Amino acid sequence: MNVGLFGTNGRMGRVLIEALNNSEQATLRAATVRDDSPWINMNVGELAGIPGQTLTCTPVSKLSPDHVDVMIDFTLPVVFEDNIRWCITHKKPVVIGTTGLSPAQVALLDEAAQHIPLVFAANYSVGVNLMLSLVRQAASALDDDTDIEIIEAHHRYKQDAPSGTALAIGEAIAGELGRDLSDCGVFSREGKMPARDQKQIGFATVRGGDIVGEHTALFADLGERLEITHKASSRLTFAKGAVRAAKWVQNKAPGRYDMINVLGLPR
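For what it's worth, this note's numbering labels the leading residue of the sequence shown as 50, then goes sequentially.
Set out below in structure tokens:
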């Protein structure tokens with residue numbers, strides 16, 4: 050399988066180079082950067098610290114569809130629309146890990162899924178997707194008066210909050226309980242407040258240092274509490290999951306898929 054990367058010079062782009070270099074079934078054939086990027090013509094091996102690479106970074110406008118079977122996009126919302134429309138135009142499957150998308154951009158995913166197969170997930174870690182299954186089980190088993198909080202921590206450079214993964218956890222729990230996260234989610238607390246409404250799902254965000262990603266779903270009742278936690282120590286776990294998704298989606302019918310589909314986990 051020949052893979053192309055959007056945003057090769059980003060933090061995840063560099064880790065994806067490593068993951069593809071380690072893969073026996075996938076090969077990096079196109080490494081793109083923005084047309085005004087200073088990284089144009091940079092050797093991808095230098096970017097990722099991998100010797101022996103000959104591929105260089107090219108501007109998106111020079112990307113040839115003949116060179117790739119699947120694209121992977123872990124860029125930013127500002128370039129997301131151009132990237133997805135390139136995939137639609139050239140009928141290329143795509144794995145998308147860009148977070149912080151607007152409602153209009155999420156709607157574009159559904160439009161794209163009418164033409165191409167795509168995988169869109171807030172998190173490509175196998176462990177996190179197992180966590181999504183576990184929090185649904187916990188939500189269905191616990192009483193309605195259990196307080197639910199989601200705590201997430203990431204590095205100082207992360208721009209969106211709460212993280213896409215935290216929101217996915219909240220949506221999984223809310224869906225299991227028959228609630229709408231847009232109605233029951235609480236994303237900030239300050240000052241004197243009334244007693245907690247037990248229909249709420251609260252979120253707490255931490256940003257600092259080089260934390261790769263930590264997520265906890267806290268189910269707190271009187272007398273006991275359950276905490277389901279995932280901690281990532283390397284971005285390579287996300288990159289390996291994305292490569293796994295790329296292999297899976299390559300020959301699928303047009304549609305919007307996620308890592309639950311890729312892993313064959315129950316919802």
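A virtual CB, placed ideally from N, CA and C, is assigned to each residue, including glycine.
Bear in mind the structure is a predicted one, so any value in this text is a computation, not a measurement.
Endpoints, beta strand (DSSP E) assigned at residue i
i    : result
L167 : P166 to F169
R78  : T76 to V82
Sequence-distant residues of the same chain with beta carbon closer than 7 Å to residue i, five excluded per side
i    : result
L312 : V175 and N178
M91  : T105 and C106
C32  : Summary: the structure shown does not reach residue 32, with the chain confined to residues 50 through 316, and so no result is reported for it.
R274 : L267 and F268
Alpha helix (DSSP H) segment containing residue i, residue limits
i    : result
T254 : Premise fails: T254 lies in the beta strand (DSSP E), I250 to R256, not in any alpha helix (DSSP H).
R60  : R60 to N71
I199 : Unbroken run through I199 is the beta strand (DSSP E), D196 to H203; no alpha helix (DSSP H).
L54  : From DSSP, L54 is part of no alpha helix (DSSP H) but of the beta strand (DSSP E) over N51 to F55.
I137 : P126 to T138
Cut-off 6 Å between Cβ atoms - residues of its own chain near residue i, not counting five sequence neighbours on either side
i    : result
A171 : G213, T214 and A217
Y306 : V168
L191 : F268
N70  : I99
G251 : E198 and V235
W297 : V311
Strand pairing of residue i, partner residues [DSSP]
i    : result
V155 : V155 is not bridged to any residue.
D270 : E273
H279 : H264
Nonlocal neighbours in the same chain, by C-beta distance under 8 Å from residue i, ignoring five residues either side
i    : result
G204 : It should be pointed out that residue 204 corresponds to His in this sequence rather than to Gly. Result list for H204: R256, G257, G258, D259, I260 and V261, in chain order.
Kindly confirm or deny that the segment 115–129 and the segment 54–66 touch, where touching means at least three C-beta pairs closer than 8 Å. yes
Three or more C-beta pairs under 8 Å: does that hold for the segment 126–140 against the segment 253–273? no
Quick check: the segment 91–102 against the segment 264–272, are there 3 or more CB pairs under 8 Å? no
The segment 218–225 / the segment 182–195 touching (three or more Cβ pairs under 8 Å): yes
Count the C-beta pairs between the segment 293–307 and the segment 147–156 that are closer than 8 Å, then say yes if the count reaches three, no if not. no
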